[in-house]
Amino acid sequence: VLKFIREAKTIIIHRHSRPDGDALGSQIGLKEAIKATFPRKEIYMVGDMTPRYEFMGKMDEIDDEKYKDALVFVLDTSEQSMISDERYLTGKHLIKIDHHIAKESFGDIEIVDTTYESCCGLVAFLIDRIRLKMTDYGAKSLYTGMVTDSGRFRYDSTTSKTFEIASKLLKHNFN
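According to our numbering, numbering within the sequence shown proceeds without interruption in unit steps and concludes at 206.
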């Protein structure tokens, strides 16, 4: 994944339609980490928006031309029919990151791990693992997604790994 990120000039991040906190949190968190680590890269988030989560951030409006030679991420989505914005197919490379049981295979790289309570938890782990920088806003977004997808840490999918990741995010400055 890091090799693809380093090589790409443009990165476009997708997720599922009608986003929840996990879809938006993972999208924002990944964008923030890549941008903080590689400030010269063009990084965009695309897709529809849900009024309930508008407080988390806004999506980017981009031309089709941006997809030429772009690295595309699809987050928190187990099947292609759920992906918001079909242009994800027109990028140069595609990386899928998800925590749901895989319904279909797609992408050059697929990172699917159902032991995570949320895609945000998995993305936060990957950010830490490949040593991308974390911003306060990125940490807040990832934490928000972890909270929403874990039912405020009450669902059975919540594990000690969930709390380890959450504790790292809470070291950042956000309320």
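Positions of the beta carbon are idealized from the N, C-alpha and C atoms, including for glycine.
So is the beta-carbon of residue i under 7 Å away from any non-hydrogen atom of the ligand COA?
| i | result |
| --- | --- |
| Lys127 | The ligand COA is not part of this structure, which contains no ligands at all. |
Using a 10 Å radius around the Cβ and a threshold of 16 neighbouring Cβ atoms, would you call residue i buried or exposed?
| i | result |
| --- | --- |
| Ser181 | buried |
| Phe104 | buried |
| Ser191 | exposed |
| Ser112 | exposed |
| Leu33 | exposed |
When you compare only the Cα positions, how much space is there between residue i and residue j?
| i | j | result |
| --- | --- | --- |
| Tyr84 | Gly56 | 10 Å |
| Lys89 | Ala39 | 23 Å |
| Lys199 | Val178 | 14 Å |
| Asn204 | Asp167 | 5 Å |
| Leu217 | Leu173 | Coverage of the chain is limited to positions 32 through 206, which leaves residue 217 absent and any answer about it impossible. |
| Glu148 | Asp100 | 32 Å |
| His124 | Thr145 | 23 Å |
| Met87 | Arg46 | 15 Å |
| His131 | Lys72 | 29 Å |
| Ser109 | Asp129 | 7 Å |
| Ile161 | Thr68 | 11 Å |
| Gly60 | Lys202 | 15 Å |
| Thr121 | Asp95 | 8 Å |
| Thr193 | Asp51 | 18 Å |
| Ile42 | Gly176 | 21 Å |
| Ile114 | Thr81 | 14 Å |
Report yes if the C-beta distance between residue i and residue j is below 8 Å; otherwise report no.
| i | j | result |
| --- | --- | --- |
| Asp116 | Val77 | yes |
| Asp91 | Ser48 | no |
| Lys97 | Tyr119 | no |
| Ala64 | Ile158 | yes |
| Gly152 | Ile196 | yes |
| Lys164 | Glu141 | no |
Since residue i and residue j are thought to touch, with beta carbons under 8 Å apart, how far apart are those beta carbons, to the nearest angstrom?
| i | j | result |
| --- | --- | --- |
| Ile44 | Leu106 | 7 Å |
Given 8 Å as the limit, is there contact between the stretch 135–142 and the stretch 169–184, that is, 3 or more CB pairs closer than that? No contact exists between the stretch 135–142 and the stretch 169–184.
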